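If you're matching positions, the sequence shown starts at 1 in the UniProt record's numbering and goes up one per residue.
The structure appears below as structure tokens.
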Amino acid sequence: MKRIDLHTHSTASDGTNSSQDNVALAKERGLQAIAITDHDTVSGVAEALEAGARLGVEVVPGIEISTLLDGQDIHILGYFVDYLNEDFLDELTKLRQVRNQRNQMMVDRLKELGIEITIEQVQSKQTKPGGNVGRPHIAEVLVDLGKVSSMEEAFEVYLGREGKAYVNPWRIPPKEGIELILRFGGVPVLAHPGLYDKDDEIEDFVEAGLQGIEVYHPDHSEQEVEKYEKLVTKHNLIATGGSDYHGVRNGSVYHGELGSQPVGEAVLEQLKARRNKKTSSESQ
């Protein structure tokens with residue numbers, strides 16, 4: 001039986017491993033397939049595909065789009081997106097500009113709180129040239145400065161939704177994120193819905209074209225898994241899962257270890273079928 005991790009991050013966004021290192025780790029841990037799903041970028045996909053071909057691991061080109069609804073971050077995973085399409089890359093550039101704006105706003109808020117931190121310090125934590133910078137990089141600096149003792153504390157006290165330095169500038173709404181993924185050949189899936197408290201919106205997302213829900217995630221309780229399994233059945237969606245692996249920072253793993261929330265081959269085949277169905281209907 002194949003074991004597949006459909007949610008991993010690399011240094012293209014806020015992971016600590018290169019995407020090819022994630023593929024190698026997947027091979028080491030006995031996985032047969034892995035998705036690279038960096039935040040608002042596909043810049044790690046090509047090297048992952050090359051590594052996958054070399055190591056015998058299937059790589060799913062993916063992305064995690066950042067959207068906003070009523071002040072709440074909602075992330076939409078996109079599988080089998082046309083990662084080479086120039087129009088798609090232009091749209092992602094716009095999304096990253098908002099991300100950069102948010103980073104600066106958070107740094108400014110931290111300064112207002114009396115913490116001597118600079119955007120240059122934050123940017124220095126990104127080891128991949130041109131890679132995205134995000135909250136985990138800010139958290140790393142806060143640990144370095146001794147303002148917190150761990151990544152978890154950085155998010156709890158400063159960077160999480162209830163944190164003192166939390167800000168959220170305007171971003172595209174989830175329905176636009178779903179449409180963006182569909183427009184460029186991908187299969188949109190709602191990432192870790194247990195983190196949002198927005199379950200009442202899922203039906204609207206389905207009407208907008210949502211094709212799946214990430215049911216299996218390290219931060220989901222057994223009760224949440226059961227709830228989302230029922231929603232998947234109700235709406236004829238795909239039940240996906242993944243570790244949301246970000247690598248190791250300051251000795252701890254953010255979300256889950258790579259391979260900790262595997263799904264089987266049937267899930268990957270369902271994603272391919274939804275992609276193929278859309279592609280063939282567009283060509284008619």
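From the three backbone atoms N, C-alpha and C, an ideal C-beta is built for every residue, glycine too.
Quick caveat: nothing in here was measured; it's all calculated off a predicted structure.
With 16 other Cβ atoms within 10 Å as the buried cut-off, status of V248: exposed
Reduced DSSP secondary structure (H/G/I, E/B, other) of T93: helix
I63, enclosing beta strand (DSSP E) - first and last residue: E58 to L69
Span of the alpha helix (DSSP H) around Q20: S19 to E28
Cβ-based burial, L145 [other Cβ within 10 Å; buried from 16]: exposed
Length of the line joining the Cα atoms of H255 and E86: 32 Å
Among I36, I202, G71 and S66, nearest to V57 - alpha-carbon criterion: I36
Short Cβ contact (8 Å threshold) for L6 with V45: No, the pair does not count as a contact, with Cβ atoms beyond the cut-off.
Contact under 8 Å by Cβ, P169 with R109: Not closer than 8 Å, so no.
DSSP three-state assignment for I119, whether helix, strand or coil: In the structure shown, I119 sits in a helix (DSSP, three-state: H, G or I).
Given 8 Å, three or more beta-carbon pairs between the region 61–70 and the region 165–185: yes
Close-in-space but distant-in-sequence residues of the same chain around G242 (CB under 6 Å, 5 per side omitted): D5, L6, H7 and Q261
Assumed close pair H137, K125 - CB separation to whole angstroms, cut-off 8 Å: 4 Å
Exposure label - D14; buried when at least 16 CB within 10 Å: The residue is buried, with at least 16 neighbouring Cβ atoms inside 10 Å.
Other residues of its chain near V81: CB distance less than 8 Å, five sequence neighbours each side excluded: V42, P61, G62, I63, F88, I181, F184, G185 and G186
Delimiting residues of the alpha helix (DSSP H) encompassing D204: I202 to E207
Neighbour-count burial assignment, D244, 16 or more Cβ in a 10 Å radius: Result: buried.
Same chain only: Cβ atoms within 8 Å of R99, ignoring 5 sequence neighbours per side: H39, D40, S66, N132, V133 and G134
L159 (DSSP reduced to helix, strand or coil): helix
Residues that L271 bridges to, as DSSP identifies them: For L271, which the question treats as bridged, DSSP gives no partner whatsoever.
8 Å contact criterion, which L25 and L258 should meet: CB distance rounded: 5 Å
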